[in-house]
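Structure record follows, encoded as structure tokens.
2 protein chains.
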Amino acid sequence: MAGRVSLKDIASKCDVSVATVSKALNDADDIGEKTKEYIREAATKMGYFPNFAAKALKTNRTYNIGVLFVDEAQSGLTHDYFSRVLDSFKRTVEASGYDVTFISGGMMANRDMTYLEHARYRNFDGIMIACVDFLDPDVGELARSSIPLVTIDYVFNDRSAIISDNVQGISELLNYIYKRGHRKIAYIHGADSSVTQARLKSFYKTAMELGLEIPDEYILEIDYRDTVAALEATDKLLDLKDRPTCILYPDDFSAFGGVNAIRRRGMKIPDDISIAGYDGIEIAMRYSPQLTTIVQDTELLGRRAAEKLIDSIENPKTTFSEQVVVTGKLNEGESVGQL
Amino acid sequence: MAGRVSLKDIASKCDVSVATVSKALNDADDIGEKTKEYIREAATKMGYFPNFAAKALKTNRTYNIGVLFVDEAQSGLTHDYFSRVLDSFKRTVEASGYDVTFISGGMMANRDMTYLEHARYRNFDGIMIACVDFLDPDVGELARSSIPLVTIDYVFNDRSAIISDNVQGISELLNYIYKRGHRKIAYIHGADSSVTQARLKSFYKTAMELGLEIPDEYILEIDYRDTVAALEATDKLLDLKDRPTCILYPDDFSAFGGVNAIRRRGMKIPDDISIAGYDGIEIAMRYSPQLTTIVQDTELLGRRAAEKLIDSIENPKTTFSEQVVVTGKLNEGESVGQL
DNA sequence: GCAACATTCTTAAACGATTAAGTGTAATTG
DNA sequence: CAATTACACTTAATCGTTTAAGAATGTTGC
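Chain order of the listed sequences is P and C. Taken in order, the first sequence gives residues 1 to 339; the numbers are from the working numbering. Taken in order, the second sequence gives residues 340 to 678; the numbers are from the working numbering.
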């Protein structure tokens with residue numbers, strides 16, 4: 001009700017010094033039990049809660065975590081996969097008393113700041129980076145700073161990272177498709193990145209293990225989440241004399257682009273051709289034919305990232321950098337037919 | 340490189356007082372031009388940027404905006420429509436030097452805070468509320484506070500709000516469907532809320548204007564974004580002796596649930612039955628048949644919300660509360676056939 | 001009975017900025 | 001030329017906390 005109540009107000013009300021009030025509320029051990037009780041009671045009665053800025057100024061701790069989250073494709077928060085990771089991350093850090101603030105580049109209080117400057121200005125206790133162009137020098141500068149940090153799906157030299165197990169995912173997916181009788185498998189993969197490289201490598205390795213021949217024209221590259229490019233790439237594959245019987249897409253979203261191309265020709269999934277996506281976005285699981293895909297454990301990815309980050313904030317001595325791998329789960333779905 | 344540089348450091352380096360440095364950097368008019376230049380130069384050379392906490396403590400301005408964004412359906416940030424609004428909001432406020440921090444309820448620094456307490460603790464300059472249960476008493480408490488605030492798609496007494504024009508949207512959609520020759524139109528609407536009420540009212544009004552008969556069994560209620568419920572509701576409609584020729588869904592997402600029910604029966608869209616969604620989420624625009632839907636102008640919604648909020652933060656005297664209505668745009672798509 | 005210690009509180013400095021009020025010098029004015 | 005004004009700076013208080021160091025009181029040990 002009243003304007004903000006400060007320690008001073010409580011102090012005068014209780015006839016003690018400001019220091020006593022501060023210590024009482026922080027449960028210091030040089031304050032008597034009865035005094036503590038008395039002060040605490042008055043504090044709640046007066047509706048006191050600490051002034052964040054003052055506390056931050058003095059303690060150099062903000063309980064605020066900066067999140068760098070700039071979709072390369074400019075689709076921002078709309079990217080389903082990372083949105084979920086972020087959401088899980090947010091819930092976990094909040095449970096430990098941290099807030100989440102977005103790190104922005106560009107203009108900031110009429111001054112052009114780099115990500116690092118912004119992070120230092122806001123004095124974030126830690127930083128999470130996801131879904132950005134990791135080759136951006138500004139991002140690199142941030143990663144080289146001394147601020148506790150965790151990245152998702154990208155490993156910076158000697159910094160903690162949570163990465164989804166793309167090797168296992170592709171391998172499991174490919175094995176499943178093989179088991180369903182497919183031998184002619186095409187892979188439309190995403191644009192170059194560490195994730196793409198891991199997947200491609202796993203694809204070739206698994207194919208070799210299975211004794212599969214993969215002609216060069218079965219491998220195409222498009223941008224992630226580009227339904228139009230996916231449509232065109234699919235058309236190219238369907239135009240081949242020796243058509244694949246199954247097509248892998250970089251992500252579920254672009255798989256939908258493939259579906260369009262396939263439907264346009266009057267072909268049916270999975271009867272005439274099989275497809276598989278990656279990520280397990282909600283709509284893919286709900287739509288029919290339900291997509292065969294690797295469901296990323298976004299909940300776990302976000303939570304692990306949060307846990308790791310908080311750990312390195314609160315125990316800087318004992319915490320070491322590490323890469324945590326989170327495995328996805330095959331959703332068999334209905335889009336890969338039995339041959 | 341060095342630890343943080345403070346005004347004091349610059350002051351001693353430049354042989355002036357701290358006050359002079361502060362004023363020089365803030366371009367006060369009682370500092371000589373050459374001195375300003377000299378100090379500014381030293382400041383950049385030393386890598387100075389202000390300490391946010393100190394500034395906030397003194398000026399009582401944080402340049403931080405709290406966003407309350409709790410999906411009722413627990414899907415958090417994954418809600419496509421609001422994610423986009425938030426993204427646009429974020430970009431706009433950042434351009435004016437504000438940051439965005441999530442307001443969380445529940446645990447916060449080992450104390451259970453209400454939204455308002457959290458907002459006051461962080462000293463947000465302003466607050467944006469979207470995508471929450473507006474009947475939650477905690478949300479109401481926040482709305483009744485004196486902090487500048489803007490809501491999206493809900494109007495609190497005497498507070499600014501940005502709302503999408505549901506009346507116009509439904510009307511335009513229904514008129515289009517009518518023009519395509521449909522007379523038997525069913526409406527599966529969302530759960531009760533101000534948005535739902537506006538749409539329903541508009542639906543009935545427009546139907547009356549067009550002289551349409553809407554039997555009661557054509558009107559069903561489900562939760563928003565519930566594909567399973569949408570599937571079941573669709574089945575109910577398709578089981579009627581007197582089937583509708585077109586079905587409206589609460590949102591694009593649930594429309595996909597309807598598509599499943601329809602496809603399951605071997606029926607084709609729009610040949611055997613027509614459907615329409617609402618929102619214009621990305622996948623709906625990319626998938627075939629492209630959904631007939633009202634595309635919400637999420638970019639504008641977010642931007643207007645940001646503009647309004649910043650205005651009321653920076654010009655508290657001259658700014659008045661108002662409700663801004665943002666109209667959507669009909670996407671004709673391919674899911675409503677010509678009869 | 002007095003040094004030593006524990007307990008509980010207070011004093012005061014500090015964090016890094018902003019800003020009203022004060023000071024000293026130079027320029028203007030009637 | 002004395003008085004006023006303008007200019008360019010400094011002093012010092014302040015925002016709301018934390019925390020090291022000091023002080024007052026009571027307790028213990030020998």
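For each residue, glycine too, the CB sits at the ideal point set by N, CA and C. Predicted, not measured: the structure shown is a model, and the values here were computed from it.
Interface residues of chain P around LYS429(C) at Cβ under 7 Å?
Per Cβ cutoff of 7 Å: PHE102.
Could you have a look at LEU481(C) and say whether DSSP puts it in helix, strand or coil?
Residue state, collapsed to three classes: helix.
Tell me whether TYR278(P) sits in a helix, a strand or coil according to DSSP, three-state version.
Here TYR278(P) sits in coil by DSSP.
Is it right to say GLU213(P) is buried, meaning 16 or more other beta carbons lie within 10 angstroms of its own, or is it exposed?
Exposed, since its Cβ has fewer than 16 Cβ neighbours within 10 Å.
According to a CB-to-CB cut-off of less than 9 Å, which residues of the region 390-401 of chain C neighbour chain P?
Residues passing the 9 Å Cβ filter: ASN390, PHE391, ALA392, ALA393, LYS394, ALA395, LEU396, LYS397, ASN399, THR401.
ASN462(C) CB to nearest chain P CB: under 8 Å?
It does; some Cβ of chain P falls within 8 Å.
On the DSSP bridge assignment, give the partners of ILE633(C) in chain order.
Its beta-bridge partners are LEU669(C).
Contact criterion: CB-CB distance below 8 Å. Does ASP438(C) meet it with respect to chain P?
By this cut-off, ASP438(C) is an interface position.
Have a look at the DSSP bridge pairing and note the partners of TYR526(C).
Bridge partners of TYR526(C): ILE558(C), LEU587(C).
Out of curiosity, what's the CA-to-CA distance linking ARG306(C) and ILE509(C)?
Residue 306(C) lies beyond the residue range present for chain C, which begins at 340 and ends at 678; the question has no answer from this structure.
Using DSSP with H/G/I as helix, E/B as strand and the rest coil, what is ILE313(P)?
Helix at ILE313(P).
Among residues of its own chain, excluding the 5 on either side of ASN399(C), which ones have a beta-carbon nearer than 8 Å to its beta-carbon?
Correct list, in chain order: ASN462.
For THR227(P), return the contacting residues in chain C, with the cut-off set at a CB-CB distance below 7 Å.
Neighbours of THR227(P) on chain C, chain order: ARG625.
Applying the criterion that 16 or more other CB atoms from any shown protein chain within 10 Å of the CB defines a buried residue, is MET452(C) buried or exposed?
It counts as buried.
Under the three-state reduction of DSSP, which class applies to GLN507(C): helix, strand or coil?
In the structure shown, GLN507(C) sits in a helix (DSSP, three-state: H, G or I).
Identify whether ALA500(C) lies in helix, strand or coil by the three-state DSSP scheme.
DSSP places ALA500(C) in strand when its eight states are reduced to three.
Does GLU299(P) get closer than 8 Å to chain C when you measure Cβ to Cβ?
No, GLU299(P) lies away from the interface with chain C (no Cβ there is under 8 Å from its Cβ).
Taking only beta carbons into account, state which residues of the region 592-605 of chain C come closer than 8 Å to chain P, listed in chain order.
Those residues of the region 592-605 of chain C that come within reach of chain P (Cβ to Cβ, closer than 8 Å) are PHE592, PHE595, GLY596, VAL598, ASN599, ARG602, ARG603.
Could you please give me the residues that DSSP links to VAL324(P) through a beta bridge?
ILE162(P).
Less than 8 Å separating the beta-carbons of LEU481(C) and GLY465(C)?
No; because the gap between Cβ atoms is not below 8 Å, this pair is not in contact.
For ILE622(C), go through chain P and note every residue whose CB falls closer than 8 Å to its CB, in chain order.
Correct list: PHE253, PHE256, ILE283.
Check whether the region 647-665 of chain C and the region 620-634 of chain C touch, using three or more Cβ-Cβ pairs below 8 Å as the test.
The region 647-665 of chain C, when compared against the region 620-634 of chain C, does not touch it at the 8 Å Cβ threshold.
Using three-state DSSP, classify ASN60(P) as helix, strand or coil.
Of the three classes helix, strand and coil, the one that applies to ASN60(P) here is coil, per DSSP.
In chain C, which residues lie with their C-beta within 8 Å of the C-beta of PHE156(P)?
Result: empty, since nearest Cβ-Cβ is about 19 Å, beyond 8 Å.
List the whole-angstrom C-beta distance separating VAL478(C) from TYR460(C), where the pair is believed to meet the contact cut-off of C-beta under 8 Å.
Actually they are not in contact, since the Cβ atoms of VAL478(C) and TYR460(C) sit about 17 Å apart, beyond 8 Å.
For SER356(C), is the classification buried or exposed, using 16 other Cβ atoms within 10 angstroms of its Cβ as the cut-off for buried?
It is exposed - the Cβ of SER356(C) has fewer than 16 other Cβ atoms within 10 Å.
Let me check understanding here. Comparing Cα to Cα, which of ASP369(C), GLY371(C), THR383(C), ASP368(C) lies closest to LEU346(C)?
With distances taken between Cα atoms, LEU346(C) lies closest to THR383(C).
By how many angstroms is the C-alpha of ARG642(C) removed from the C-alpha of SER335(P)?
Those two C-alpha atoms are separated by around 40 Å.
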